[in-house]
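Chemist:
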Amino acid sequence: MPKLSPERRGRVLVVDDQPINIRMLHAVLAEEFEVFAATSGEQALEFCRGNKPDLILLDVVMPGMDGLEVCRRLKQDQDTRAIPVIFVTAGTLAEEENACWSAGAADFVSKPVNPLTLRNRVLAHLQFKLHMDALQAMAFADGLTGVANRRLFDDTLNAEFRRCGRSGEPLAMLMIDVDCFKRYNDRYGHQAGDDCLKRVALALKEHLKRPYDLVARYGGEEFACMLPDTDEAGALAIAEELRLAIAALAIAHADSPVADHVTISVGVAVLRPAPDGDSAALLGLADQALYRAKHEGRDRCRLAA
Ligand SMILES: Nc1nc2c(ncn2[C@@H]2O[C@H](COP(=O)(O)OP(=O)(O)OP(=O)(O)O)[C@@H](O)[C@H]2O)c(=O)[nH]1
1 MPKLSPERRG RVLVVDDQPI NIRMLHAVLA EEFEVFAATS GEQALEFCRG
51 NKPDLILLDV VMPGMDGLEV CRRLKQDQDT RAIPVIFVTA GTLAEEENAC
101 WSAGAADFVS KPVNPLTLRN RVLAHLQFKL HMDALQAMAF ADGLTGVANR
151 RLFDDTLNAE FRRCGRSGEP LAMLMIDVDC FKRYNDRYGH QAGDDCLKRV
201 ALALKEHLKR PYDLVARYGG EEFACMLPDT DEAGALAIAE ELRLAIAALA
251 IAHADSPVAD HVTISVGVAV LRPAPDGDSA ALLGLADQAL YRAKHEGRDR
301 CRLAA
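Here is the structure:
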């Protein structure tokens with residue numbers, strides 16, 4: 001029988017108002033998968049907002065919010081729509097099945113549940129979901145450094161810009177450029193240049209701690225960081241920390257006119273986006289600030305005027 005790879009146990013959320021049903025499903029699945037439980041539709045949605053499961057087994061008939069409504073809401077939300085939902089149904093009427101498909105079901109299992117059918121259905125959908133996750137991660141990662149690529153960054157920026165436009169939060173942007181990188185390549189070779197970019201990317205990523213901060217490779221030797229809900233003082237402080245963190249890597253750069261090690265220049269811009277605003281304005285401001293940092297001698301951070 002096929003199995004999931006040992007390094008990734010699928011996370012299955014079982015939603016049922018009857019504890020006895022949860023116990024039964026848990027008994028079938030717990031050996032192979034990580035199983036969580038919710039006893040109402042509301043609880044299931046709450047769970048998915050925090051720690052997203054890879055698959056949901058959902059009872060149709062529940063007091064309060066029923067399974068169909070839970071599924072509809074999950075499918076309407078960008079964040080949860082990719083989670084496959086398998087309904088556990090008592091009914092066998094075509095209309096009931098159609099209602100589940102319309103709500104966004106990936107599949108069904110009928111009560112009384114046949115443990116082997118349940119296990120195999122869960123496994124098939126989980127394998128598919130985890131493969132899709134892996135493909136998506138590859139499509140959105142920069143091939144050299146492993147941080148987000150520009151596509152993911154631009155998509156996330158547009159979404160964050162709209163979200164901050166609604167919430168009134170400030171959104172900060174850092175444009176980061178490795179100083180005199182052409183000379184680095186010329187002196188140490190392209191392979192060493194690649195290694196240097198990898199180390200810089202990793203240091204930037206390790207330094208940004210908040211879950212919504214995002215670092216991306218924006219172009220050749222240019223990186224961008226997006227810091228939601230961060231004001232000017234906060235963004236400048238982080239930019240300065242990043243500058244020091246890269247200096248602390250102490251990567252020798254004998255041909256740099258700035259220092260004997262690799263340094264970065266950082267342009268910082270912060271906006272409180274208007275609801276109909278354009279994220280290009282934020283990028284433009286950060287770019288101008290980066291230009292100033294370069295112009296004023298490199299190895300420094302500058303805030304957009
Ligand atoms: N090794 C390596 N080099 C790259 C990569 N992408 C861009 N570069 C190099 O980065 C250098 C960027 O050079 P410039 O744009 O002139 O800027 P700079 O030398 O960093 O000078 P300033 O930005 O003004 O400090 C070019 O030589 C590119 O070939 C890459 O993926 N790997």
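In the UniProt record's numbering, the protein residues as written are 1 to 305.
For each residue, glycine too, the CB sits at the ideal point set by N, CA and C.
Treat the numbers as computed from the prediction; the structure is a model and nothing was measured.
#1: Please determine whether the Cβ atom of H190 lies at a distance below 7 Å from any heavy atom of ligand 1.
#2: Does the segment 229-246 come within contact of the segment 137-153, defined as at least 3 CB pairs closer than 8 Å?
#3: Heavy atom of ligand 1 less than 7 Å from the Cβ of E46, yes or no?
#4: Kindly examine ligand 1 and report whether one of its heavy atoms sits closer than 7 Å to the Cβ of F108.
#5: Could you give the distance in angstroms between the alpha-carbon of C164 and the alpha-carbon of D133?
#6: Any heavy atom of ligand 1 closer than 7 Å to the CB of G297?
#7: Quick one: Cα of L144 to Cα of S110, how far?
#8: Between the alpha carbons of R162 and G277, how many angstroms are there, rounded?
#9: Sorted by chain position, which residues of the same chain lie with C-beta nearer than 7 Å to A99's C-beta, five sequence neighbours on each side aside?
#10: Going by beta carbon distance, what residues of the same chain come within less than 7 Å of R9, once the five residues before and after it are set aside?
#11: Please report how far the alpha carbon of Q136 lies from the alpha carbon of V147, in whole angstroms.
#12: Would the segment 247-256 count as touching the segment 219-227 if we require 3 or more Cβ pairs under 8 Å?
#13: Give the straight-line distance between the Cα atoms of P170 and T263, rounded to the nearest whole angstrom.
#14: Excluding the five sequence neighbours on either side, which residues of its own chain have a C-beta within less than 8 Å of the C-beta of G64, listed in chain order?
#15: Quick one: does the C-beta of G143 sit closer than 7 Å to a heavy atom of ligand 1?
#16: Taking just the CA atoms, how far does R72 sit from S102?
#17: Between the alpha carbons of M175 and V70, how many angstroms are there, rounded?
#18: Let me check understanding here. Comparing Cα to Cα, which of A201, T230, R292, E222 lies closest to Y212?
#19: Is L303 closer than 8 Å to V268 when the C-beta atoms are compared?
#20: Would you grab the beta carbon distance between D54 and I86 for me? Rounded to a whole angstrom, and I think it's under 8 Å.
#21: At 4 residues or longer, what runs of the alpha helix (DSSP H) sit wholly inside the segment 168-247?
#22: With DSSP as the reference, identify every bridge partner of E34, one or two as the case may be.
#23: Which partner residues of D107 appear in the DSSP bridge assignment?
#24: Count the other CB atoms, across all protein chains shown, that sit within 10 Å of the CB of G193; report buried if there are 16 or more and exposed otherwise.
#25: Excluding the five sequence neighbours on either side, which residues of its own chain have a C-beta within less than 6 Å of the C-beta of C180, listed in chain order?
#26: Can you name, in chain order, every residue of its own chain whose Cβ lies under 6 Å from the Cβ of L282, other than the five neighbours on each side?
#27: For A44 and E31, what's the separation of their Cα atoms in angstroms?
#28: Starting from the C-beta of D16, find all residues in its chain whose C-beta is less than 6 Å away, skip the five residues before and the five after it, and write them out in chain order.
Modeler: Considering the structure as presented:
#1: yes
#2: no
#3: no
#4: Checking every heavy atom of ligand 1 against the Cβ of F108, none is found closer than 7 Å.
#5: 27 Å
#6: Not one heavy atom of ligand 1 is found less than 7 Å from the C-beta of G297.
#7: 47 Å
#8: If you draw a straight line from the Cα of R162 to the Cα of G277, it comes to about 8 Å.
#9: Around A99, the same chain offers L68 as residues with beta carbons nearer than 7 Å, after the five sequence neighbours per side are excluded.
#10: Within its own chain, the residues whose Cβ lies closer than 7 Å to the Cβ of R9, once the five positions on either side in sequence are excluded, are F33, E34, listed in chain order.
#11: 13 Å
#12: Cβ pair count under 8 Å is below three, so no.
#13: Taking the straight line joining both Cα atoms gives about 28 Å.
#14: S40, G41, E42
#15: no
#16: 8 Å
#17: 41 Å
#18: Closest option to Y212, Cα to Cα, is T230.
#19: In this structure, V268 lies near L303, with their beta-carbon atoms less than 8 Å apart.
#20: The Cβ separation is near 12 Å, so there is no contact.
#21: 181-188, 190-207
#22: Looking at the DSSP assignment, E34 forms a beta bridge with R11.
#23: I86
#24: buried
#25: S256
#26: M173, A269, L271
#27: Their Cα atoms are separated by approximately 22 Å.
#28: I22, D59
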